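Below: one structure, written as structure tokens.
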Amino acid sequence: MSGKALGVGILALALGIAGAAYAANEAIPEMLAKYRAEGAKDFDPKRGEALWHKQFPAPADDEEGPKLRSCETCHGTDLTKPGKHYKTGKVIDPMAPSVNPERFSDPKKIRKWFRRNCKWVLGRECTPQEKGDVLVFLKDK
């Protein structure tokens, strides 16, 4: 392969990766603006990571599920790998936009999954601050 052809190939690869990264995160600025409008302040990926790893007790009436829950219960510790629903065994696509470019491309899906998963893990809906912190933690994975 000539140097020119190699250069063109590398450029095409770089543009493809950049395009995938953009697609992966295209809904995040919109969601962060929404959370700020709802009262959230500066978002912190370290707080998002801490919330991601934090374990919460399951409700007393849930005799089937794990007694302690975190986001990792279903999504796993390696965000570039598929997770698995604790109860159904259904495979969950990776959370990392670097390997799953569509992960954060649809605001409607972001709202749906935050609502459902926060209620299951925390026992309540996440605050706008918590949602923003988690998004800024996940967006660069």
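When we follow my numbering, the leftmost residue of the sequence shown carries the number 1213, and every step to the right adds one.
For every residue, glycine included, the Cβ atom is placed at its ideal position computed from N, Cα and C.
Remember, it's a predicted structure, so these values are computed and weren't measured experimentally.
Item	Value
Status (buried if at least 16 other CB within 10 Å, exposed otherwise) for Ala1239	buried
Range of the contiguous alpha helix (DSSP H) that encloses Asn1312	Element bounds for Asn1312: n/a, residue is neither H nor E.
Distance between Asp1274 and Gly1260 (C-alpha atoms, nearest Å)	26 Å
Straight-line gap, Val1346 to Trp1264 (C-alpha atoms, nearest Å)	7 Å
DSSP state of Arg1336 mapped onto helix, strand, coil	coil
Three-state secondary structure assigned by DSSP to Phe1255	coil
Simplified DSSP assignment, three categories, for Lys1353	coil
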